[in-house]
Amino acid sequence: MFKGALYYFVMCWRLDKRFPVVILLKEILNAVKTVMTVVLPKFIIDALFTTQNKEEAVKFLLIYAGTLFAISLITAVLNRSTIILKSISFQRFQADIGKKLMQVDYERLETPDFLNLKQKAEQYAYSGGYGFAVILEDSIGLFGKLLTFAGLISVIAILSPWLVLAVIIIVALNSLVFATTNKHGIEYRMEQSVQERRIGYYSKKMEDFQYGKEIRTYNLAPWFLEKYNQQIEVLGKFYNNIANTRFISGAFNSFTFAVQLIISYFFVIKQTLDSALSVGNFTMYLAAVSSFASILSEIIKTVVQLSQFNTYFEAFKEYMNMPSMDNEKGEKPLLPENFDIEFQNVSFKYGTSEKFALQNVNVKFNSKERIAIIGENGAGKSTFVKLLMRLYEPTEGKILINGIDIKEIDYNHYQTWFAAVFQDFKLFSFSIKENITFGNDKTEEDKKRLENIVSASGLKEVTDKLDKGLETLVYRDFDDAGFTPSGGEGQKIAIARAAYKNAPIVILDEPTAALDPKAENKIYEQFDSFFADKCSLYISHRMAVTKFSDRTLVFDNAHIVQDGNHETLINQEGKYKELYSLQAKYYTDEVNSQ
146 MFKGALYYFV
156 MCWRLDKRFP
166 VVILLKEILN
176 AVKTVMTVVL
186 PKFIIDALFT
196 TQNKEEAVKF
206 LLIYAGTLFA
216 ISLITAVLNR
226 STIILKSISF
236 QRFQADIGKK
246 LMQVDYERLE
256 TPDFLNLKQK
266 AEQYAYSGGY
276 GFAVILEDSI
286 GLFGKLLTFA
296 GLISVIAILS
306 PWLVLAVIII
316 VALNSLVFAT
326 TNKHGIEYRM
336 EQSVQERRIG
346 YYSKKMEDFQ
356 YGKEIRTYNL
366 APWFLEKYNQ
376 QIEVLGKFYN
386 NIANTRFISG
396 AFNSFTFAVQ
406 LIISYFFVIK
416 QTLDSALSVG
426 NFTMYLAAVS
436 SFASILSEII
446 KTVVQLSQFN
456 TYFEAFKEYM
466 NMPSMDNEKG
476 EKPLLPENFD
486 IEFQNVSFKY
496 GTSEKFALQN
506 VNVKFNSKER
516 IAIIGENGAG
526 KSTFVKLLMR
536 LYEPTEGKIL
546 INGIDIKEID
556 YNHYQTWFAA
566 VFQDFKLFSF
576 SIKENITFGN
586 DKTEEDKKRL
596 ENIVSASGLK
606 EVTDKLDKGL
616 ETLVYRDFDD
626 AGFTPSGGEG
636 QKIAIARAAY
646 KNAPIVILDE
656 PTAALDPKAE
666 NKIYEQFDSF
676 FADKCSLYIS
686 HRMAVTKFSD
696 RTLVFDNAHI
706 VQDGNHETLI
716 NQEGKYKELY
726 SLQAKYYTDE
736 VNSQ
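So the sequence shown is residues 146 to 739, counted in my numbering.
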């Protein structure tokens, strides 16, 4: 019933044990304070009006005030600790969520089902929108409320057990209505979170400076705002439904509170008339009844909420249990200097698509070959290398390196064999040096190698113009003096990054797609100097890549349709000759115009 709440407690205990302990201490003090506020004023009032003992009244007043002050002071200290510990735990929890996002199978990141599940999981993580750790605070708060309940019921039962029963029945009815409306509210919020992901996308893109040029060039502001407003209308229906559930619950709660008030006063007045209750007892019982009803209502509502948080928990559990290739352990073989890579009847489909992105691919190449992979857009080139890098798993067939199925190799160990420069490579808002080394520059040998790579890549000409050199931050997210690289400069950083890793297999996926023929030729010469001793795969829809390759694989419609060097393929009727002929005139014209 409370597995979602229990898991949250265990999770926060793991993040920082002090956090739940501090909350527990606060709740115990709060329970003592509530009961004391009901009971102690009775002694002060009776001392003043019944026994007319002023000294005793002052004594009880000082005890009452002193105790309240001490509790308030300790609570203030605990509140301070709670703020600090909650913030620290929140940041650690964010790291856990981020770690899962970075480790989940790459293929899933591109699916709306995964993104929707992530959004629903965050409803649990952030307590249905109420904030991080509210579930934990409610869970421990339930223990404090039960302590308060036990103290109050012992006071009220002396007055009338029937009054206790009447209040329990009223609160139970109120809580039943709350449970029903809250269940519907959770269902609405789960679906609402999916719609909020969409409106969040619009909001982020309006604020993202990387989209600023397109937004201004094409005057997209009115169009974006129209989409934003349309999404607000969709969300409005969810907000309306949630508001209705809260209104029904609130209205019924108001009605039951009025009924409870009448019954409570009836019992207290009747008891006063029948047995001549003292003024102090009269005050105490009224306060006890009022607090008892309130605390019982809170207990039942908290129980309902915590049990219904299991709906959120199921989504969170599904998200956190997503298969992660990073967790796939296996062999850690050494990769010899000479090795073979073989695709055996490999096919692949994206998600639930019926169409093969790659079909029945059989090919073998070795560690000394430079392979050009060419074909038109959508022919299967990038899918081929993503399967090799284990960003995707084959739908059919297997991939072998030195006769070992790559699925049997430890995933993290396997990734050390690869370096890549993608067409859409990403740079981080760290220093230029960190974008190349990622902190792996501890030794003098590392630093010397970095220096050589920076110089050979042409990046030194760029960094020499910057005040902080390699320590300059990329972009201006954290420093106004940050460096925003041009496309070519960013590409040099990406190439230096791949060279620095010094992996035995290098993937270059459409790295020159946006360059003219002259610049493209220069880049490939650079690749050739950096990766001459590596197993290199050059992926492109442009034919210039074949000049630097020992062998060319031609992809068309998810198949490898040709395999050979330039001289062999150009003399064959087929896709290679067709593509080469189409591009030849373009290359000649472009080079002549330089």
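All residues carry an ideal CB built from backbone N, CA and C; glycine is no exception.
Express the C-alpha separation of residue 430 and residue 301 in angstroms, rounding to a whole number.
7 Å
What's the gap between the Cα of residue 581 and the Cα of residue 636?
11 Å
For residue 711, report the span of its alpha helix (DSSP H) as first-last.
711-715
The alpha helix (DSSP H) spanning residue 590 covers which residue range?
589-601 is the extent of the alpha helix (DSSP H) around residue 590.
Considering only the alpha carbon of each residue, which of 219, 381, 691 lies closest to residue 171?
219
Look at the alpha carbon of residue 427 and the alpha carbon of residue 268, and state the distance between them as a whole number of angstroms.
46 Å
DSSP on residue 504, reduced to helix/strand/coil?
DSSP places residue 504 in strand when its eight states are reduced to three.
Within 10 angstroms of the Cβ of residue 609, are there 16 or more other Cβ atoms? Answer buried if so, exposed if not.
That one is exposed.
For residue 415, does the count of other Cβ atoms within 10 angstroms reach 16, so buried, or fall short, so exposed?
exposed
Kindly indicate the opening and closing residues of the alpha helix (DSSP H) around residue 202.
199-248
Which value, in whole angstroms, describes the spacing of the CA atoms of residue 533 and residue 388?
52 Å
DSSP three-state call for residue 435: helix, strand or coil?
Note: residue 435 maps to helix in three-state DSSP.
Going by DSSP in three states, residue 294 sits in which element: helix, strand or coil?
If DSSP states are grouped into helix, strand and coil, residue 294 belongs with the helices.
Are the stretch 691-705 and the stretch 520-537 touching, with three or more C-beta to C-beta distances below 8 Å?
yes
For residue 247, count neighbouring C-beta atoms within 10 Å of its own C-beta (all shown protein chains included) and say buried if the count is 16 or more, exposed if not.
exposed
Just to confirm before moving on: does the CB-CB distance between residue 161 and residue 423 stay below 8 Å?
no
Between which residues of its own chain and residue 178 is the CB-CB distance below 6 Å, once the five residues before and five after are set aside?
216
Count the other CB atoms, across all protein chains shown, that sit within 10 Å of the CB of residue 578; report buried if there are 16 or more and exposed otherwise.
By the 10 Å Cβ count, residue 578 comes out buried.
Less than 8 Å separating the beta-carbons of residue 553 and residue 632?
No; because the gap between Cβ atoms is not below 8 Å, this pair is not in contact.
Ordered along the chain, which non-local residues of its own chain (more than five positions away) have a Cβ less than 8 Å from that of residue 293?
175, 176, 179, 180, 436, 440
What are the boundary residues of the beta strand (DSSP E) that includes residue 683?
Per DSSP, residue 683 belongs to the beta strand (DSSP E) from 680-685.
My output table needs one value for residue 538: the three-state DSSP class, helix, strand or coil.
coil
Hey, how far is the Cα of residue 347 from the Cα of residue 622?
If I take the Cα positions, the gap works out to 21 Å.
As an exercise, report each continuous alpha helix (DSSP H) stretch of at least 4 residues that is fully enclosed by the stretch 480-533, in chain order.
Taking only runs of at least 4 residues, the alpha helix (DSSP H) segments lying wholly in the stretch 480-533 are 526-533.
When the Cα of residue 173 is compared with those of 221, 288, 226, which residue comes out closest?
Closest option to residue 173, judged by alpha-carbon separation, among 221, 288, 226: 288.
Specify, as a first and last residue, the run of the beta strand (DSSP E) that residue 698 falls within.
Looking at the DSSP string, the run of the beta strand (DSSP E) that includes residue 698 is 696-701.
Using a Cβ-Cβ cutoff of less than 8 Å, which residues in the same chain neighbour residue 511 once the five nearest sequence positions on both sides are dropped?
483, 484, 485, 486, 680
Could you spell out where the alpha helix (DSSP H) holding residue 690 opens and where it closes?
No residue range can be given for residue 690, since it is assigned to no alpha helix (DSSP H) and is classified by DSSP as neither H nor E.
Please classify residue 384 as buried or exposed, where buried requires at least 16 other C-beta atoms within 10 Å of its C-beta.
With fewer than 16 Cβ atoms within 10 Å of its Cβ, residue 384 is classed as exposed.
Please classify residue 457 as buried or exposed, where buried requires at least 16 neighbouring CB atoms within 10 angstroms.
With 16 or more other Cβ atoms within 10 Å, it is buried.
Tell me which residues share the same chain as residue 691 and place their Cβ nearer than 6 Å to its Cβ, disregarding the 5 neighbours each side in the sequence.
517, 697, 711
In whole angstroms, what is the alpha-carbon distance linking residue 164 and residue 150?
15 Å
Can you check whether the CB of residue 281 is closer than 8 Å to the CB of residue 154?
Contact: yes.
Name the residue from 544, 564, 523, 670 whose alpha carbon lies nearest to the alpha carbon of residue 686.
523
Distance check for residue 590 and residue 559, CA to CA, integer angstroms please.
24 Å
Mapping the DSSP letters down to three states, classify residue 283 as helix, strand or coil.
helix
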